[in-house]
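Worksheet: one structure, shown below.
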Amino acid sequence: TTLNDGQITASVNVVDVNNQPISASVGDELDTTAPLAPVVNLNDANNDGFINFSEKETGVNATLTLTNTGLELGDTVEVTITIGQTSTTSNIPVTQAILDTQQVIITIPNDQIVDKATVNVEATIVDDKGNRSEPATDSAVVDINVPGGDKDQSDQSLDAPTVQINELIDDDIIDDSEITNLTARVNIPQSGVEVGDSLIVTINGTEQPIIVITQELIDSGFTTITIPPSELVDGQQINVTAKVTDDAGNS
């Protein structure tokens, strides 16, 4: 016979040697329904699957959203954090505060977030009868290798790109003889730059088409860009900036 969730009562009726009826019963609640799985979100920017340098500096958290899971007082949220080869499991009792917010914030230990490690957070809800939800996970790869090497106290890469506007005479003035086909040389850092990174050049606040870093570009150490004539206005300053950004958003 298939038993359904709910109150179950078992009764026994017997007759003793004196022909007297004896009965006993016991009841309990049957609950085989597992809670629904939570939702896990690591706070890597735009959910790109990377934890970059600035995100590590800010602090990495995971938000467990428990809405519509059937959560009740007495349940437990089981959380396993795996960083590289090291796993830590904690059991969080469900309190009224958790029921009110329908979420739990988990802090990832900053000293364990090391370059190239994968951070994985897994959460499971276990009710007071031992029924377990399906596990929910989210993960991100740690990439804190800033193009251009380490950063200084001003948060600038120690070996950042440099820009030189190609004037005929290095006097910081663009005259009529230089305005035609004016170019700028962008020197590529030789530290921490990889094939596939992006070179982003901005002229007077306008971002130019992204240049993908190739091995040829790394080997040459520089690239030359043309400054659009529309950016050359008499009496106005020309500002050219450059930065290298990787897939994780480090720049």
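Just so we're aligned: 213 in our numbering is position 188 of the sequence shown, and the numbers increase by one with no gaps anywhere. Note that beta-carbon positions come from the ideal geometry of N, C-alpha and C, so glycine has one too.
The DSSP assignment places 187 to 190, 208 to 212, 223 to 228 as complete runs of the beta strand (DSSP E) inside the region 176 to 234, in order along the chain (cut-off: 3 residues). Around the CB of S158, 16 or more other CB atoms lie within 10 Å, so the residue is classed as buried. Boundaries of the beta strand (DSSP E) harbouring I250: 247 to 251, taken from the DSSP string.
Cβ-Cβ separation between N66 and T83: approximately 16 Å, too far for a contact (criterion under 8 Å).
Taking a contact to require three or more Cβ pairs closer than 8 Å, the region 93 to 108 and the region 194 to 210 do not qualify as touching. The shortest C-alpha to C-alpha distance from V119 to any of G274, T90, I106 is the one to T90.
Under the three-state reduction of DSSP, K154 is assigned to coil, being neither helix nor strand. Take N135, set aside five residues on each side of it, and the residues of its chain with a beta-carbon closer than 8 Å to its own are K81, G84, V85, in chain order. For K81, the enclosing alpha helix (DSSP H) starts and ends at 78 to 83. In the DSSP annotation of this structure, the continuous segment of the alpha helix (DSSP H) that includes D125 starts and ends at 121 to 126. In the structure shown, N43 adopts coil according to DSSP, grouped into three states. According to DSSP, residue pairing for T149 in a beta bridge involves E103. If you draw a 10 Å sphere on the C-beta of N77, you find 16 or more other C-beta atoms in it, and that means buried. Shown here for L207: same chain residues with a beta carbon closer than 6 Å to its own, the five before and five after excluded, namely I252 in chain order. In the DSSP annotation of this structure, the continuous segment of the beta strand (DSSP E) that includes I117 starts and ends at 111 to 118. Using a Cβ distance threshold of 9 Å, V265 and T205 do not count as a contacting pair.
A straight-line Cα-Cα distance of about 20 Å links G246 and N275. Exposure of N44 is indicated by the presence of fewer than 16 other C-beta atoms within 10 angstroms of its C-beta. Taking a C-beta distance under 9 Å as the contact criterion, T126 and N191 do not qualify as a contact pair.
Rounded to the nearest angstrom, the Cβ distance from P63 to A209 is 51 Å, too far for a contact under 8 Å. The Cβ-Cβ distance between T58 and G95 falls below 9 Å. Q121 has its alpha-carbon roughly 55 Å from the corresponding atom of Q215. I108 has T111, V144 as its beta-bridge partners, per DSSP. From the listed residues A267, D244, P186, the smallest Cα separation to I225 is found for A267. Residue environment for G260: exposed (fewer than 16 other C-beta atoms within 10 angstroms of its C-beta).
Shown here for G173: same chain residues with a beta carbon closer than 8 Å to its own, the five before and five after excluded, namely S182, L183, D184, A185, P186, P214, S216, G217, V218, V269 in chain order. The alpha carbon of Q128 has as its nearest neighbour, out of I117, N170, I138, the alpha carbon of I117.
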